[in-house]
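In the working numbering, the protein residues as written are 610 to 842. All C-beta atoms, glycine included, are put in the ideal place defined by N, C-alpha and C. No experiment lies behind these values; they were computed from the predicted model shown.
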RNA sequence: GACUAGGCGGCG
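Structural data, given as structure tokens:
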């Protein structure tokens, strides 16, 4: 759909003209396209039109719209859809909360983000690695390393293992402190736990070495990247 | 069912 919204919606009308009904997946994709373009008003109208199409919104539908609204800064509107979601018997899940956590961390600080993790726990929605990674990243970036470490522990104790992104935020944090030894330790941990290191992760480490003046190390990583076919960006 | 959330850097 990217870059071809007009055509996509034209096709939708064409389909419907032929008596072919779009399904949930199709509508969710279109909704996502609108949200990605920041067209939240249109997204909301499209959402409202779903019932007339005989489409029942599912949790992906709500999650997509909530994400679009949060990214557009319309958190209050997003909240109303969270309510609607519940009254429509769509159980909010970890995807539902991420956009709130992300946006609130960004605008009101990590405390607000953490409050949403608490809300999830209270409502018996199991937080995911992604939910924790968002707050941990924000904590790292505001240099709250103690609390970040505690949240990391809480994440693991809930059965959520750190993934590629979680580890990368940690590498980034060490690099920001000029602690390349720590960054290397994290990389070793990644390898030990079988996480495949991607271009962004290598790039983070490379930048870390460069920013501390160790260009030779940076070049070594760059060579390694090309040798394992992880295209630098 | 290839539908939804998080990480680095550059450009705008």
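Bounding residues of the alpha helix (DSSP H) (the contiguous stretch that carries residue i)
i: residue 629; result: No alpha helix (DSSP H) holds residue 629; DSSP gives it neither H nor E.
i: residue 668; result: 668 to 680
i: residue 831; result: 824 to 836
i: residue 755; result: 754 to 766
As assigned by DSSP and simplified to three states, the class of residue i
i: residue 804; result: coil
i: residue 735; result: coil
i: residue 644; result: helix
i: residue 743; result: helix
i: residue 700; result: coil
i: residue 653; result: helix
i: residue 770; result: coil
i: residue 708; result: helix
i: residue 786; result: coil
i: residue 781; result: helix
i: residue 842; result: coil
i: residue 695; result: helix
i: residue 748; result: helix
i: residue 713; result: helix
i: residue 619; result: helix
Within 8 Å, strictly: CB atoms of residue i and residue j
i: residue 813; j: residue 773; result: no
i: residue 784; j: residue 746; result: no
i: residue 651; j: residue 643; result: yes
i: residue 765; j: residue 779; result: no
i: residue 710; j: residue 690; result: no
i: residue 646; j: residue 614; result: yes
i: residue 819; j: residue 827; result: yes
i: residue 662; j: residue 697; result: no
i: residue 649; j: residue 671; result: no
i: residue 687; j: residue 708; result: yes
i: residue 719; j: residue 668; result: no
i: residue 767; j: residue 757; result: no
i: residue 824; j: residue 811; result: no
Cβ distance (whole Å) where residue i is taken to contact residue j below 8 Å
i: residue 712; j: residue 739; result: With 8 Å as the limit, residue 712 and residue 739 do not qualify as a contact, their Cβ atoms being about 14 Å apart.
i: residue 736; j: residue 769; result: 7 Å
i: residue 821; j: residue 787; result: 5 Å
i: residue 799; j: residue 776; result: 5 Å
i: residue 834; j: residue 792; result: Not really, about 16 Å apart at Cβ, beyond 8 Å.
i: residue 878; j: residue 636; result: In the structure as shown, the chain begins at 610 and stops at 842. Residue 878 is therefore absent and cannot be evaluated.
i: residue 695; j: residue 722; result: That belief does not hold up - the Cβ atoms of residue 695 and residue 722 are roughly 21 Å apart, past 8 Å.
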